[in-house]
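Asks: My questions will all concern the structure given below.
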């Protein structure tokens, strides 16, 4: 019996409101030091390492509102019948580097949701795409993230 109802499937294509974020050179420098980067363009804050974008558009919430994984619960996903969420992989398509001093816009879209039978039972796969552009709409990157519910 399928777990994904028509109501859940209707979430495909759902987009969260765009989030605008200023990228400071200092934020890039702090991230570069914390993640032990060695490239001078990262350490100087001129350019951000690719994974810098991971938390750039996430909501800042009180610590009591964080999930068990330390991340604010996503708002752009439907309520699922399976509750344990795991990372399923990330793919990045980078058009150009993120530069210190620029303002970026991130829009998260649920691009697919499907189920499979795993060795230990049913799994639900949710595929989200984060589209990052400049304020003028120039593509910077896309991050495609898969989460698995079991």
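Residue numbers (the working numbering): 62 to 211. Cβ atoms here follow ideal geometry from the backbone N, Cα and C, with glycine treated the same way.
Cutting at 8 Å between CB atoms, please list the residues of its own chain near residue 70, excluding the five before and the five after it.
Replies: Same-chain partners within the cutoff: 174.
Asks: Buried or exposed, going by whether 16 or more other CB atoms sit within 10 Å of the CB of residue 187?
Replies: That one is buried.
Asks: Leaving aside the five residues before and after residue 196 along the sequence, list all residues of the same chain whose C-beta is less than 7 Å from its C-beta, in chain order.
Replies: For residue 196, where only same-chain residues beyond five positions count, the Cβ hits under 7 Å are 164, 166.
Asks: At a cut of 8 Å, does the stretch 65 to 81 reach the stretch 149 to 157 through at least three beta carbon pairs?
Replies: Because the criterion of three Cβ pairs below 8 Å is not met, the stretch 65 to 81 and the stretch 149 to 157 do not touch.
Asks: If you compare alpha carbons, which of 107, 208, 202, 82 is closest to residue 93?
Replies: Comparing Cα positions, the closest option is 107.
Asks: Please classify residue 148: is it buried, with 16 or more other beta-carbons within 10 angstroms of its beta-carbon, or exposed?
Replies: With fewer than 16 Cβ atoms within 10 Å of its Cβ, residue 148 is classed as exposed.
Asks: Whose C-beta lies closer than 8 Å to the C-beta of residue 86 among residues of the same chain, with five residues either side of it excluded?
Replies: 105, 106, 107, 161, 162, listed in sequence order.
Asks: What are the start and end residues of the alpha helix (DSSP H) that includes residue 67?
Replies: Unbroken alpha helix (DSSP H) run through residue 67: 67 to 70.
Asks: Rounded to the nearest angstrom, how far is the Cβ of residue 139 from that of residue 109, given a contact under 8 Å?
Replies: Not really, about 32 Å apart at Cβ, beyond 8 Å.
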